[in-house]
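Colleague: Input: one structure, supplied below.
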Amino acid sequence: MPPHLGEELWTMIGKEGSVFDIDWPKYDEKALVKDEIEVVVQVNGKVRGKLTVNSNISKDEMEKVALEE
Numbered sequence: 035m036p037p038h039l040g041e042e043l044w045t046m047i048g049k050e051g052s053v054f055d056i057d058w059p060k061y062d063e064k065a066l067v068k069d070e071i072e073v074v075v076q077v078n079g080k081v082r083g084k085l086t087v088n089s090n091i092s093k094d095e096m097e098k099v100a101l102e103e
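For the sequence shown, the numbering used here assigns the number 35 to the initial residue and increments by one for each residue that follows.
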């Protein structure tokens, strides 16, 4: 996006000053961590299903869940 367009949009949404003079937004690192992940289950190279599991699950627990499904 060309700089002049960014500046124009900034004023169109009602902000004052220059878009280039503001601080970067703050972020929460905890929000970037996923609590659950999707795991693809394959048998002989063919997809047999997808599981949504806790991201901290161990390999043994994951295998147990996959076999139960």
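No residue lacks a Cβ here, since even glycine has one placed at the ideal position from N, Cα and C.
1. Going by beta-carbon coordinates alone, are GLU97 and THR86 separated by less than 7 Å?
2. Please state whether the Cβ-Cβ distance between LYS84 and VAL77 is less than 7 Å.
3. Please return the same chain residues whose Cβ sits closer than 8 Å to the Cβ of GLU99, not counting the five positions on each side in sequence.
4. My output table needs one value for GLY40: the three-state DSSP class, helix, strand or coil.
5. For ILE56, which option in LYS64, ASP62 and TRP44 has the closest C-alpha, if you only look at C-alpha atoms?
Modeller: Taking the coordinates as given:
1. Result no, Cβ atoms of GLU97 and THR86 do not sit closer than 7 Å.
2. Taking 7 Å as the cut-off, the beta carbon of LYS84 is found no closer than this to the beta carbon of VAL77.
3. It is Val, not Glu, that sits at residue 99 in the sequence shown. Taking C-beta separations shorter than 8 Å and ignoring five residues to either side along the sequence, the partners of VAL99 in its chain run LEU85, VAL87 and ILE91, following chain order.
4. DSSP, reduced to helix, strand and coil, places GLY40 within a helical segment of the structure shown.
5. Checked all of LYS64, ASP62 and TRP44; the closest Cα to ILE56 is TRP44.
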